[in-house]
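First up is the structure itself, then whatever we jot down about it.
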Amino acid sequence: MGARVWTGKKILTEMIIAAIQWDVFIPYDGLLSIAAILMLGCLTLVLVLYIHRALAVARTKKKDDLQFRYQYLLYDALVESQSGNVSGSFLETALKLFEQERKRSKSLNQQVLTDIILNLKKSLTGAAQDQLLDLAHALELPQYSRKKLQQKSSSVRTKGLHEVSAMQLSNREVINEIEMLQHTDVQQVDQEVILALAKLEHSPHLTFLNNLTTPLSEWLQIRLHHYLRSLERHQLPDFSQWLDSSNESVVLFALRMIAEFRQHTANQRVLGHLTSSSVSILTETIRTITRLKLTEAIPSLMDLTRHENTDVQLASLEAVGKLGDPRQVGTLNNLQEHPNYWVRRATAMVVTQLKSNVPLL
Amino acid sequence: MKEIAINSITYLAENLILIYGLILAGFSIFLSTVGLVEIRKYLKKNRLDDPQALLSSPFVPKISLIVPMYNEGQTIIDSVRSLLSLQYNNYEVIVVNDGSTDESLRKLIEYFQLVPTYLESNYELPTKKVRCLYKSRQKVFSKLTVIDKANGGKADALNAGLNHAEGKLVATMDADSIIAPNALLRMVKPFLENSERVIATGSMVRIANSCTVEDGSLVKIQLPKGWLARFQALEYIRVFLLSRLGWSRLNGLLIISGAFGLFDREIVVKAGGYYTKTVGEDMELTVRMRRYMHEQKLAYKVIYIPDPLCWTEAPNSLSQLSRQRNRWARGTAETLIKHRGLLFNPKYKLMGWLSYPYWLCFEFLAPFVEAIGLAYFTTLAVLGHIDWTNFLFFLVIIYFFSVLLSLVALIAEEYSYHKYQHTSDMAKLIITALMEPIFYHPIILVNALKGNLDLLVGKKSWGDMQRRGFTKHQTEPSKKVAG
Numbered sequence: 173m174g175a176r177v178w179t180g181k182k183i184l185t186e187m188i189i190a191a192i193q194w195d196v197f198i199p200y201d202g203l204l205s206i207a208a209i210l211m212l213g214c215l216t217l218v219l220v221l222y223i224h225r226a227l228a229v230a231r232t233k234k235k236d237d238l239q240f241r242y243q244y245l246l247y248d249a250l251v252e253s254q255s256g257n258v259s260g261s262f263l264e265t266a267l268k269l270f271e272q273e274r275k276r277s278k279s280l281n282q283q284v285l286t287d288i289i290l291n292l293k294k295s296l297t298g299a300a301q302d303q304l305l306d307l308a309h310a311l312e313l314p315q316y317s318r319k320k321l322q323q324k325s326s327s328v329r330t331k332g333l334h335e336v337s338a339m340q341l342s343n344r345e346v347i348n349e350i351e352m353l354q355h356t357d358v359q360q361v362d363q364e365v366i367l368a369l370a371k372l373e374h375s376p377h378l379t380f381l382n383n384l385t386t387p388l389s390e391w392l393q394i395r396l397h398h399y400l401r402s403l404e405r406h407q408l409p410d411f412s413q414w415l416d417s418s419n420e421s422v423v424l425f426a427l428r429m430i431a432e433f434r435q436h437t438a439n440q441r442v443l444g445h446l447t448s449s450s451v452s453i454l455t456e457t458i459r460t461i462t463r464l465k466l467t468e469a470i471p472s473l474m475d476l477t478r479h480e481n482t483d484v485q486l487a488s489l490e491a492v493g494k495l496g497d498p499r500q501v502g503t504l505n506n507l508q509e510h511p512n513y514w515v516r517r518a519t520a521m522v523v524t525q526l527k528s529n530v531p532l533l
Numbered sequence: 328m329k330e331i332a333i334n335s336i337t338y339l340a341e342n343l344i345l346i347y348g349l350i351l352a353g354f355s356i357f358l359s360t361v362g363l364v365e366i367r368k369y370l371k372k373n374r375l376d377d378p379q380a381l382l383s384s385p386f387v388p389k390i391s392l393i394v395p396m397y398n399e400g401q402t403i404i405d406s407v408r409s410l411l412s413l414q415y416n417n418y419e420v421i422v423v424n425d426g427s428t429d430e431s432l433r434k435l436i437e438y439f440q441l442v443p444t445y446l447e448s449n450y451e452l453p454t455k456k457v458r459c460l461y462k463s464r465q466k467v468f469s470k471l472t473v474i475d476k477a478n479g480g481k482a483d484a485l486n487a488g489l490n491h492a493e494g495k496l497v498a499t500m501d502a503d504s505i506i507a508p509n510a511l512l513r514m515v516k517p518f519l520e521n522s523e524r525v526i527a528t529g530s531m532v533r534i535a536n537s538c539t540v541e542d543g544s545l546v547k548i549q550l551p552k553g554w555l556a557r558f559q560a561l562e563y564i565r566v567f568l569l570s571r572l573g574w575s576r577l578n579g580l581l582i583i584s585g586a587f588g589l590f591d592r593e594i595v596v597k598a599g600g601y602y603t604k605t606v607g608e609d610m611e612l613t614v615r616m617r618r619y620m621h622e623q624k625l626a627y628k629v630i631y632i633p634d635p636l637c638w639t640e641a642p643n644s645l646s647q648l649s650r651q652r653n654r655w656a657r658g659t660a661e662t663l664i665k666h667r668g669l670l671f672n673p674k675y676k677l678m679g680w681l682s683y684p685y686w687l688c689f690e691f692l693a694p695f696v697e698a699i700g701l702a703y704f705t706t707l708a709v710l711g712h713i714d715w716t717n718f719l720f721f722l723v724i725i726y727f728f729s730v731l732l733s734l735v736a737l738i739a740e741e742y743s744y745h746k747y748q749h750t751s752d753m754a755k756l757i758i759t760a761l762m763e764p765i766f767y768h769p770i771i772l773v774n775a776l777k778g779n780l781d782l783l784v785g786k787k788s789w790g791d792m793q794r795r796g797f798t799k800h801q802t803e804p805s806k807k808v809a810g
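So the protein lines, in turn, are chains A and B. Going by our numbering, the first residue of the first sequence is number 173, and it counts up by one from there. Going by our numbering, the first residue of the second sequence is number 328, and it counts up by one from there.
Okay, structure coming up:
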């Protein structure tokens, strides 16, 4: 043991000596080498810069050319199918044109085609959108995107999820494959899985909300809402089912969606949240009540104008201003002396609003 | 062991500058590497972003954009017009006239048809007297509020804006900066997607000299024509694209540029708002907000995004540059002195162990070390003790290392935003990188030293910055920014 300690100490000593005398090991030759390496590094980077620029220019040009050509073919197919000069639908005409293109250039650039179709899809609705999706399926673009789900790179997988859901590749096998991608360490993939599953269901059940233990980010809420807005009202789930969730962010999302989609069947349950101990839920409930125009809540809202939390007070004042009538002015006047500037300011505005009897709703 | 310790100390003393340089080089390599990895990750993560979801969402937080104004008559109308048409559906613009002596306020009142409001003034954060709050008679300008107050400096004006900001988030910017139309959309995203509380975000600031600006918006990007502005363009790419992104990844960022930043209003106010007795109010606020979060034991993040969202006019002359860098040096020193309690304080975690020591040693002390090194070298040269071969090698190493860092920054720029697209721009930037250590660095060094000297003698002023202005409203539809 003693010998080993001595050896260790000696090695350590030698190492320290070597470290503090490192310049012994890096004489002129060493310095020259470092300088040469750095100079070579600079030259390499300059070369990389120029090569990258040249490649990028060539790549962009090729992509632009292809984009122009494919867009032209799509436009051609649309015009020909509508002119009646050729027999067949848009799909048949487009497929014929793209088949010719495939023969001409040996292959089709599926990524460029996918990007064009998905971009175009955003600006179309109804039958036109369906025709475009049919074309994508006929050209086997969803299969091309599906392959990305198996890739290691999370950004490629995310892109694949986005494309597969946008092209409505909704068979059981694909959904299973997507579900398998859930609960990774990458937040972005998890979010894209949630969105993809929601998009691939005819009537999204949003079942993931039932067991969600982590906070539902504002960003995901915004994206979900953006998608849900594109659906018919009858396709939407009953959001009140999540009002009693133990996850606060899920309750907030449910309240927001109830307000946004005017789900009046949830009125009583929403009013029940006026006694919530959570400031965030209380504030969101008040906003929901305002959006749903639940005037029966005015007495409770008047009480809440004296709540200890400023956010709750401000939301209540705004609600009273929108739902109330001049009878509330007398009670509100007391708040004009409130120590908080924002409460005073909101009160002044609400009082003016109620006095002038101009409903803001 | 005792002998080794003595040897080590002697060696360290003799080679302090060399060791300092090596640590600095190590830090630079480390931050550049982290920055490169981060920029790649950021671009991959955001390439699928659909701005439409954010643009049309009723759930985005309200942002109050505060623009302090002092004698900005030449550009203010264009700037405000451009700010009123940003891509975001829930924001207000608060222009704070900090006692301008030119016609800025009159121009605003006339152009935007402003009228005084009955609203009382808020002094939650103490400021100089607010004379009046103006709103526009025109519905189309309903997002605009103008605060007229007595002169109290930029920080005081920002505090007045904060006092009247309705938004949960506040964006602050310089009146002469140009921000991209999607700037708020980009900057707000970290606040929405993080589970941890984000208290501030900053973005990359670019040089607008020689760019074409129309109606307060950037329409054509060009590399600055003047050498001084070009040096700064390269410097900004290096600092913002690599270094700040690296610090952001480590959650150790100590500064959100005053040119454009987005903050959580609640935390700004609770931390005490902008400190009016410093010329580096942007860095001071970021440090104080971070301190507040640590002291309250709250988890938080300060995030930097590499998108070039803000464009600013860089000093065109040596005297202007000198004043700017002098002020930056004083600002850094003031903040570091004020928050000296952070140094190696375990309570502040990474900020105490790494960020603060880094700023102290490699931002604040760097000019002193360099000056001492030069003085030491001169003395040795006079005494004939220089090993010229060794010296030459070191000089070449330092030079190529500096050039290498700039080239890495250019690679990052080329792979990411690729803003300078003209064929000759690349060559110009490479030449700039080759010349920078010789011609530009000494200017920065001298001014940083002067700034610290001025701080010692108690200089407090900002120094004037003569703006050439981006456009001449009503007389010219568009114009190139000089430089």
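Glycine residues also receive a C-beta, built at the ideal position from the N, C-alpha and C atoms. Here the structure is a predicted model, which means the values were calculated and not measured.
The beta carbon of E420(A) is closer than 8 Å to those of P387, S450, S452 and I453 in its chain, skipping five residues each way along the sequence. Between the segment 362-372 of chain B and the segment 456-467 of chain B, the count of Cβ pairs shorter than 8 Å is below three; the stretches do not touch. At a C-beta separation below 7 Å, V730(B) has these neighbours in chain A: C214. In the structure shown, P517(B) adopts helical secondary structure according to DSSP, grouped into three states. Taking C-beta separations shorter than 7 Å and ignoring five residues to either side along the sequence, the partners of L290(A) in its chain run E335 and A338, following chain order. Contact note: V723(B) reaches chain A through A207, using a C-beta cutoff of 7 Å and chain order. Annotation for D362(A): the continuous alpha helix (DSSP H) segment containing it runs Q359 to L372.
About 4 Å separates the Cβ atoms of N774(B) and R652(B), confirming a contact at the 8 Å cut-off.
In the structure shown, T639(B) falls within a strand segment according to DSSP collapsed to helix, strand and coil. Contact annotation: in the segment 432-450 of chain A, residues whose CB is within less than 8 Å of a CB in chain B are E432.
According to DSSP, residue pairing for S544(B) in a beta bridge involves E541(B).
Looking at the DSSP output, R524(B) sits in a beta bridge with Y627(B). Pairing M678(B) with T499(B), the inter-Cα distance amounts to about 24 Å. The beta carbon of S743(B) sits no closer than 7 Å to any beta carbon of chain A. Contiguous beta strand (DSSP E) elements confined to the segment 558-634 of chain B occur at 587-591, taking only those with 3 or more residues.
E335(A): member of the alpha helix (DSSP H) spanning S326 to A338, first to last residue. A straight line joining the alpha-carbon of Y703(B) with that of L203(A) spans about 21 Å. Boundaries of the beta strand (DSSP E) harbouring I390(B): I390 to M396, taken from the DSSP string.
When C-beta distances to chain A are compared with 9 Å, the residues of the segment 521-545 of chain B below that value are N521 and S522, in chain order. Setting aside the 5 residues that flank it on each side, G426(B) is surrounded in the same chain by A477 and N478, each with a C-beta closer than 6 Å to its C-beta; the list follows chain order. Distance between T379(A) and K746(B), taken at the CA atoms: about 44 Å. Taking a beta-carbon distance threshold of 7 Å, R225(A) counts as an interface residue toward chain B.
Separation of the CB atoms of S743(B) and L370(B) is rounded to 6 Å, and the pair is thereby assigned contact status at 8 Å. Taking a cut-off of 8 Å on C-beta distances, the segment 699-714 of chain B does not touch the segment 520-539 of chain B, as fewer than three cross pairs fall below it. In chain order, Q414 place their CB closer than 6 Å to the CB of N509(B), counting only its own chain and leaving out the 5 sequence neighbours on each side. Within chain A, the C-beta atoms nearer than 7 Å to that of I738(B) come from L217, V220 and L221, in chain order. According to DSSP, R533(B) shares a beta bridge with W638(B). Along the segment 311-332 of chain A, going in chain order, the ones with a CB nearer than 7 Å to a CB of chain B are S327, T330 and K331.
For I288(A), no Cβ of chain B is located within less than 7 Å of the residue's own Cβ. The distance from the Cβ of I630(B) to that of V525(B) is about 6 Å, consistent with a contact at the 8 Å cut-off. No residue range can be given for M678(B), since it is assigned to no alpha helix (DSSP H) and is classified by DSSP as neither H nor E. Using a C-beta cut-off of 8 Å, the segment 204-221 of chain A makes contact with the segment 728-738 of chain B, since at least three inter-stretch Cβ pairs fall below that distance. Against chain B, the beta carbon of T386(A) has neighbours under 8 Å at S522, listed in chain order.
In this structure, F433(A) is the residue among D416(A), L384(A) and F433(A) with its C-alpha nearest to the C-alpha of L403(A). Neighbours of Y513(A) across chain B, judged by C-beta separation under 7 Å: N449 and E451. Under the Cβ criterion of 7 Å, H334(A) is counted among the residues facing chain B.
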